[in-house]
Every structure is written in structure tokens, then in C-alpha cells.
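Input: a single structure, listed below in C-alpha cells.
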Amino acid sequence: MSAAAEPSIFSRIIAGEIPADVVFDGERVIAIRDIAPKAPVHLLVIPRDPQYRNVAELAAGDPALLAEMVATAQALADEHCGGEFRLVFNTGESAGQTVFHVHAHVLGGTLSEGSLG
Ligand code: 5GP
């Protein structure tokens, strides 16, 4: 298997190969706590399907799944931070994306200095 075809860290978490603090476990979407939080509440909403590398690909390929991610983010924010949140999709390496399996950062409370997800 080439490096590019290796499962993402999120696919490995979804497969149960790597532990994570799962806060939502849905049919098409899961959510976990970020391992390096940049805000008092920092969750990652992740589709189980790894085929979309970023939000633009997801919006073009499966807009209903994107809408489900946003609804999940709102439900999690209702539960964890009073219903108000930032939703960040880093898109591309120069924008800070490190995992090329689309995911939304749900950030609640004041961000750590200089960071957006
Ligand atoms: P990106 O930089 O691609 O927008 O976001 C990837 C996020 O995944 C980062 O905020 C990083 O802290 C988080 N992350 C990377 N590896 C792990 C992991 O093994 N477990 C968890 N829970 N989060 C991770």
C-alpha cells in the first residue's frame, strides 16, 4: 500500500485501532475530543466515510452529509458549551490541515492564542 492510500488517523480511530474520547457515535458521523485542544471545548466531527479530503469535496459530493455534520456540531455545542461555537474546516496544508479526511473543529469558549482549530 502506498503512503497516500494508508488509512487516516481518523479511520483508525473509527476502526477502533486507536483509542479516542468519543462524544458522539452515529451511523454516518462520529465526534471525538481533540487530543490537543485549542479551546475549553474542542471537538472533531468526522464522517465515517474517508473518501472526502476536505469540506469542498464533501459539499460537492454529499451535501446532506455536510449538513449532518453541521447539525451534529450544533447538538454537541448545545450539550458542551451552551449552544454557541466556532466551526472550522482547515482546508489545505498552508491553512493548517494535517489530516486529509474531512473533519470539522467545534470550538467553544475562548480560543488559545493564535489558533483556529
Ligand atoms: P487539522 O489540523 O487537520 O485541521 O486537524 C487535525 C486535528 O486532529 C488536530 O487538531 C489534532 O490535534 C487532532 N488529532 C490528531 N491526531 C489525533 C488523535 O490521535 N486523536 C485525537 N483525538 N485527535 C487527534
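In this note's numbering, the protein residues as written are 141 to 257.
For each residue, glycine too, the CB sits at the ideal point set by N, CA and C.
Please state whether DSSP places residue 173 in a helix, a strand or coil. Counting from one through the sequence shown, the residue named residue 173 turns up at place 33. Residue 173 falls in the strand class under three-state DSSP.
Where do the N-terminal and C-terminal ends of the alpha helix (DSSP H) with residue 190 fall, by residue? Counted from its first residue, the sequence shown places residue 190 at position 50. Looking at the DSSP string, residue 190 is not in any alpha helix (DSSP H), and its letter there is neither H nor E.
Given 8 Å as the limit, is there contact between the region 154-172 and the region 203-216, that is, 3 or more CB pairs closer than that? yes
For residue 201, report the span of its alpha helix (DSSP H) as first-last. Indexing the sequence shown from 1 puts residue 201 at position 61. Here the alpha helix (DSSP H) through residue 201 covers 195-201.
Distance cut-off 7 Å: residue 238 Cβ against heavy atoms of ligand 1: To locate residue 238, count along the sequence shown from 1; it is residue 98. Within the cutoff, so yes.
Limits of the unbroken beta strand (DSSP E) element including residue 226: The residue given as residue 226 occupies position 86 in the sequence shown. Run containing residue 226: 226-228, per the beta strand (DSSP E) assignment.
Say the cut is 7 Å; is the CB of residue 184 nearer than that to a heavy atom of ligand 1? Residue mapping note: residue 184 aligns to position 44 of the sequence shown, counting from 1. Yes, ligand 1 has a heavy atom inside 7 Å of this Cβ.
Pair every Cβ in the region 147-154 with every Cβ in the region 199-215, then say whether three or more of these pairs are closer than 8 Å. no
For the region 174-185 against the region 229-237, do three or more pairs of beta-carbon atoms, one drawn from each stretch, fall closer than 8 Å, so that the two count as touching? no
Going by DSSP, what residues sit across from residue 248 in a beta bridge? If you number the sequence shown from 1, residue 248 lands on position 108. For residue 248, which the question treats as bridged, DSSP gives the partners 181.
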